[in-house]
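The structure appears below as C-alpha cells.
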Amino acid sequence: MFQEPQKRRNYIIYILFIFLSGSIFLVDLFSNKKFSNLISDNTDFLFPVSQEAVGFLDSLELNFIKNKNTLISENIRLKNEVIELRKLKLINERLVEEIRSNNELIKNVNFENVVYYKSTILIKNTEDEYLISGGRNINLNKNDLILNEEGFVVGYIVKVFDDHSLISSIINSEFSIPGIDKYGNQYLITSNREELLINSIYIEEVNLNIDYISTDVVFDHIAKFPIVRLSNEEVSSANNKISAVVGIDYKFNFDSNIYIVKEK
Amino acid sequence: MKTLRNSSYIFLFIGVLVIELLIGGFTEFSDIKILPFLIILFYISINKFSNDYILAFFFSGIYYDLFYTSNYFGSTSAKFLSIGIVVNFINNKLNDNLFSEFLVFFLAVALYKFEFIIYAFSFIQLTIVFLISVINYFLFKLINIILKRDVFTQSI
Numbered sequence: 000m001f002q003e004p005q006k007r008r009n010y011i012i013y014i015l016f017i018f019l020s021g022s023i024f025l026v027d028l029f030s031n032k033k034f035s036n037l038i039s040d041n042t043d044f045l046f047p048v049s050q051e052a053v054g055f056l057d058s059l060e061l062n063f064i065k066n067k068n069t070l071i072s073e074n075i076r077l078k079n080e081v082i083e084l085r086k087l088k089l090i091n092e093r094l095v096e097e098i099r100s101n102n103e104l105i106k107n108v109n110f111e112n113v114v115y116y117k118s119t120i121l122i123k124n125t126e127d128e129y130l131i132s133g134g135r136n137i138n139l140n141k142n143d144l145i146l147n148e149e150g151f152v153v154g155y156i157v158k159v160f161d162d163h164s165l166i167s168s169i170i171n172s173e174f175s176i177p178g179i180d181k182y183g184n185q186y187l188i189t190s191n192r193e194e195l196l197i198n199s200i201y202i203e204e205v206n207l208n209i210d211y212i213s214t215d216v217v218f219d220h221i222a223k224f225p226i227v228r229l230s231n232e233e234v235s236s237a238n239n240k241i242s243a244v245v246g247i248d249y250k251f252n253f254d255s256n257i258y259i260v261k262e263k
Numbered sequence: 000m001k002t003l004r005n006s007s008y009i010f011l012f013i014g015v016l017v018i019e020l021l022i023g024g025f026t027e028f029s030d031i032k033i034l035p036f037l038i039i040l041f042y043i044s045i046n047k048f049s050n051d052y053i054l055a056f057f058f059s060g061i062y063y064d065l066f067y068t069s070n071y072f073g074s075t076s077a078k079f080l081s082i083g084i085v086v087n088f089i090n091n092k093l094n095d096n097l098f099s100e101f102l103v104f105f106l107a108v109a110l111y112k113f114e115f116i117i118y119a120f121s122f123i124q125l126t127i128v129f130l131i132s133v134i135n136y137f138l139f140k141l142i143n144i145i146l147k148r149d150v151f152t153q154s155i
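Listed in order, the protein sequences are those of chains S and Y.
Here numbering that gives the first Met the number 0 is used: the first residue of the first sequence is 0, the next is one more, and so on.
Here numbering that gives the first Met the number 0 is used: the first residue of the second sequence is 0, the next is one more, and so on.
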C-alpha cells in the first residue's frame, strides 16, 4: 500500500541529486575546471597502488605458476633452476631491450636541455584513459609530452595529481596534437582509437615525401619529437590539403617503457 | 546509526570502484572488462532501491571525477544516479524473466560505457559492450544466488 508513494519519493530524491550533480557539473564547466582543479590540487591523495606494488602483483602470476609446478612435479629443484634461469634470461633480455630502446631514444631525440622521467602505467580508467606514475612530486604539468621507447609521442598529460597523472594517449578519441613536417607544413593529428588521422592545417609547400611529423616549439612544445612516421604510409593531397591515415600499432601495458619529457 | 551506515556504504562503494579500476589494469588492458561497481549498482537498483544509497552513488562519482579522470566534476555522479533510476524504472515495467533482466543489464552497461559508444560507434564496440554485459550479467547472477542463500536457516 505504501510502496508506490515511497518509490515515487525515492525517484524524486534521486532526480534531485542528479540535478545537484548537474549543478556541480555546470559550475565546473563555466569555471573552466577551476572548481575541480582547486579541490584536486589541494588534496593530498596518494594513489592506492604504487609503482612497486604493480611490479609485485605482476610477478605474482609467475610465482603462482611456479608453486603449481612444485606440487605437480617431483623434479622441483631442477624445474625451479630452469625457471630461475629463464627468469634471469628474461630479465637480461628486458635489460638489453631497455638499453637498446634508451639508445634509440637518445639517437632520435638528442637534446641537452631536456630531462626524461621514466614512468609506469598504473591503471586504465573507465573512459580508457591511462593513469601513470609521477605527478606534482616530480613537477609535472599539463600538456607535458609522453614518449615511448622509440622516442615517439604517444600522449600528453591532461591532469596532474600528487603522485600520479592522467594522460590522453593515441588510443583515446579525444587525443589531438599539432605537428610539423620538414617543409614547415602544419598538421593536426587526432585519433579514432584505431588509427591516427592526419590533416594539414597550414601548407607551406605541397610535398608528399614526408618522413616524420613532429612536435615543435611553435606549438609550445618543449622540443622536436616525432609523432608519426609517414615514409611507408599512403599520403594524399587534394585542394591544397594533405591528409593521411596511419594505423596504431603501439599497445600500452604494464611493461611499457614510457618517458615524460621535461625541461631541465 | 544511520549516518554511520550511510558512511560505510560510501566507503564500500568507493572501495569497489577502486577494485574495478585495478581489475581493469590487471586484465592487461583488454576491452572486455569485469565491472564490480556496475554489478553492485545494478544489484541495488533492482533489489534494494532506496534513498540509503544516494550518497554512496553521489560521493563515489565525485571521488572518481576528482582523482581518476579529466571529466567535469559531477558528471560521473549524475551517470551513476541516472543508471540507478533508469534500471529500477525499466525493471519495474518489464516482466520478471531472465531475458528482460539481461536486456536491462545490457542497457545499464551501455549507459555505463556511453562515452565508449558515442565517441567510436561501430559494430565492434557494440559487440564488446554485449560481451561485457554477458560476462558481468553472469557474475551478477552468481552474486545474486550467493546473497539470496540464507545460510543461517540451512540445516547442517
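The C-beta atom is built at its ideal place from N, Cα and C for all residues, glycine as well.
When you compare the CB of residue i with every CB in chain Y, is at least one pair closer than 7 Å?
i, result
"S/L144", "no"
"S/S35", "yes"
"S/G134", "no"
"S/Y211", "no"
"S/S30", "no"
"S/G21", "yes"
"S/D27", "yes"
"S/F151", "no"
"S/N24", "Note on residue identity: the sequence assigns Phe, not Asn, to residue 24 of chain S. For S/F24, the answer is yes, since a Cβ of chain Y falls inside 7 Å of its Cβ."
"S/Y155", "no"
Do you know whose CA, among the options, lies nearest residue i's CA?
i, options, result
"S/F174", "S/H163, S/E128, S/Y258 and S/D254", "S/E128"
"Y/G73", "Y/I13, Y/I61 and Y/I39", "Y/I61"
"S/Y313", "S/E204, S/I221 and S/S230", "Past the boundaries of the shown model lies residue 313 of chain S; chain S is included only from 0 to 263, so the question cannot be answered."
"S/N191", "Y/Y111, Y/S69 and Y/I116", "Y/I116"
"S/V157", "S/F151, S/K181 and S/I131", "S/I131"
"Y/F56", "Y/V15, Y/K92, Y/D95 and Y/N70", "Y/V15"
"S/N208", "S/K223, S/R228 and S/H220", "S/R228"
"S/K181", "S/F224, S/D162 and S/I170", "S/F224"
"Y/F113", "Y/L93, Y/I142 and Y/F79", "Y/F79"
"S/T214", "S/S242, S/G150 and S/N206", "S/G150"
"Y/S81", "S/F24, S/I23 and S/F16", "S/F16"
"S/S35", "S/D254, S/K86 and S/V159", "S/V159"
Which chain S residues sit within Cβ distance under 7 Å of residue i?
i, result
"Y/T68", "N124, E126, E128 and L165"
"Y/F105", "Near Y/F105 there are no residues of chain S at all, since even the closest Cβ is about 17 Å away, more than 7 Å."
Counting contacts by CB-CB distance shorter than 7 Å, is residue i in contact with chain S?
i, result
"Y/A55", "no"
"Y/G14", "no"
"Y/L80", "yes"
"Y/Y52", "no"
"Y/F41", "no"
"Y/F72", "yes"
"Y/S76", "yes"
"Y/T2", "no"
What residues from chain S crowd round residue i, counting only those whose CB sits closer than 8 Å?
i, result
"Y/F48", "K6 and N9"
"Y/D64", "S35"
Compute the distance between the beta-carbons of residue i and residue j, then report whether it is under 7 Å.
i, j, result
"S/I14", "S/Y116", "no"
"S/L139", "S/S164", "yes"
"S/G154", "S/I226", "no"
"Y/S132", "Y/F98", "no"
"Y/L138", "Y/I38", "yes"
"S/S199", "S/Y186", "yes"
"Y/V86", "Y/V108", "no"
"S/I202", "S/N184", "yes"
"S/I270", "S/F251", "An answer regarding residue 270 of chain S cannot be provided, because it is not within the stretch 0 to 263 covered by chain S."
"Y/S49", "Y/F12", "no"
"Y/Y71", "S/D27", "yes"
"Y/N143", "Y/L34", "no"
"S/N124", "Y/Y67", "yes"
Measuring from the CB of residue i, is there a heavy atom of the ligand NAD at a distance below 6 Å?
i, result
"Y/Y63", "This structure does not include the ligand NAD; it has no bound ligands of any sort."
Please compile the residues from chain Y whose C-beta is within a distance smaller than 7 Å of the C-beta of residue i.
i, result
"S/I12", "N50 and I53"
"S/I17", "A77, L80 and S81"
"S/F224", "Per Cβ cutoff of 7 Å: no residues; S/F224 is ~22 Å from chain Y at best."
If the cut is a Cβ gap below 8 Å, which residues of chain Y does residue i touch?
i, result
"S/S39", "L65 and F66"
Which of the residues in the stretch 157 to 190 of chain S, read from start to end, lie with their CB under 8 Å from any CB of chain Y?
V157, K158, F160, L165, S167, S172 and E173
Could you list the residues in the stretch 111 to 139 of chain Y with a C-beta less than 8 Å from some C-beta on chain S, going in chain order?
Listed in sequence order: Y111, K112, E114, F115, Y118 and A119.
Given a limit of 7 Å on CB to CB distance, which residues of the stretch 83 to 105 of chain Y reach chain S?
G83 and I84
Could you please tell me which residues of the stretch 237 to 255 of chain S, in chain order, have their CB closer than 9 Å to any CB of chain Y?
Flagged, chain order: K250, F251, N252 and F253.
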